[in-house]
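So for the sequence shown, the numbering used here puts the first residue at 237; every next one is plus one.
A virtual CB, placed ideally from N, CA and C, is assigned to each residue, including glycine.
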Amino acid sequence: MLYSRIRNILMSFLLAPVFIFAQDVLQLVPYDGTEGSFLGVQIIADTTANGGILPGRVYELERGGVYLAKTQLSMAEPGKHFI
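Encoded structure:
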C-alpha cells in the first residue's frame with residue numbers, strides 16, 4: 237500500500253514537466269518547386285504571423301522530404317538578436 241502510494245507520487249512528479257512544457261508543433265511542407273516551400277520562407281512566414289517564434293514552437297520536417305533553403309538560418313539565444 238505504501239509502496240504504491242510512493243510510486244504514484246513519484247510518477248506524478250516525473251510526468252509533470254510533460255504537461256508544463258507543452259510544445260506547439262508546426263509541420264513544414266517539403267520543397268515542391270514553389271517559392272513558398274523553401275524552408276526559410278516557411279519559418280519567416282510563421283514568425284511574421286506570430287510576431288516572433290512562439291515559446292515551445294517546434295518545426296517538424298517530414299521524414300524523407302526534401303527541404304531547400306535559400307537563406308542562412310541562424311538561431312539566437314533567448315533575449316539576444318542577430319544584426
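If you run the structure through DSSP and keep just helix, strand and coil, what is E298?
Reduced to three states, the DSSP call for E298 is coil.
Given 8 Å as the limit, is there contact between the region 267-278 and the region 289-307, that is, 3 or more CB pairs closer than that?
Enough Cβ pairs lie closer than 8 Å, so yes.
What separation, rounded to the nearest whole angstrom, lies between the Cα atoms of V294 and G269?
24 Å
Rounded to whole angstroms, what is the Cα-Cα separation between F249 and L290?
26 Å
Please state the DSSP three-state secondary structure of L309.
L309: coil per DSSP, three-state reduction.
Can you tell me which of the three DSSP states V277 falls into?
helix
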